[in-house]
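Below you'll find the structure, written out as structure tokens, and then a few comments.
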Amino acid sequence: MRAISLLLVLLLACHTYAICRKDVISRAKVWVANKVPYNQGGSYQGYREDCSGYVSMAWQSSQPGHTTQTIPQIAHAISKAELKPGDCLLNTAEHVVLFGGWTNSAQTEYQAYEETRPGEGTVSRVTPYPYWSGYGNFVPYRYNEIQEC
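Residue numbers (the working numbering): 8 to 156.
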């Protein structure tokens, strides 16, 4: 009986942190629809109103959110070929965007969800892979707790 109780506790603990890909995108769309402004000092739904706070919120990670430097603690690098909606493209020194899926068969553009800069806020737009020219090196990452459900 004790082993079953322990197993149940472990399963519930895993469920608390796991999230389905479709739910990541649904959560991301809420901030886009609500036009959440960019404000590193601000908070919306308990998460920082910046790029990494936004990705943390979409992944349902801990509040107030990770930073671009700490996202690799909860996610791991993947290849371009492995990218799926709900993954991200990360420049640890500067910015992170959610990957919403390819918008062309050549896989040179994708639907990005991102918290951008003051005056622009949270947006969804077609973006060149891996990101706009002049913004540094972006690497695909996958949240460790994402599921295919």
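Virtual Cβ for every residue (Gly too), placed ideally from N, Cα, C.
Any idea what DSSP makes of residue i, helix, strand or coil?
i	result
Ser69	coil
Gln118	strand
Ala88	helix
Ala82	strand
Val43	coil
Arg124	coil
Thr23	Residue confidence for Thr23 is low, a pLDDT of 41 falling below 50, so the modelled location carries little weight; the figure read from the coordinates is stated next. Helix, per DSSP.
Tyr61	helix
Ser140	coil
Ser112	coil
Exposed or buried, which one is residue i when buried takes at least 16 other CB atoms within 10 Å?
i	result
Lys88	Note on residue identity: the sequence assigns Ala, not Lys, to residue 88. Exposed.
His83	exposed
Ser86	exposed
Val224	Here the chain comprises residues numbered 8 to 156, so residue 224 is not present and cannot be evaluated.
Trp139	exposed
Ala40	exposed
Gly141	exposed
Ser33	exposed
Checking 7 angstroms against the spacing of the C-beta atoms, do residue i and residue j come in under that value?
i	j	result
Ala65	Ala113	no
Pro137	Leu96	yes
Tyr54	Gln70	yes
Thr75	Ser63	no
Asn151	Ile81	yes
Val133	Glu116	yes
Grab me the residues of residue i's own chain with a C-beta within less than 7 angstroms of its C-beta, minus the 5 sequence neighbours each way, in chain order.
i	result
Gly143	Asn98, Ala100, Glu101
Asp57	Tyr45, Gln47, Glu122
I'd like the list of long-range same chain contacts for residue i, defined as Cβ closer than 8 angstroms, with 5 residues on each side in sequence excluded.
i	result
Ile153	Ala25, Ile26, Cys27, Arg28, Val31, Trp66, Gly93, Asp94
Gly49	Arg55, Glu56
Considering only residues of the same chain and omitting the five flanking positions on each side of residue i, which have a CB-CB separation below 6 angstroms?
i	result
Leu90	Phe106, Pro147
Tyr120	Ala35, Leu105, Gly107, Ser131
Cys156	Cys27
Trp109	Tyr117
The segment 110-126 touching the segment 37-48, judged by at least three CB pairs closer than 8 angstroms:
yes
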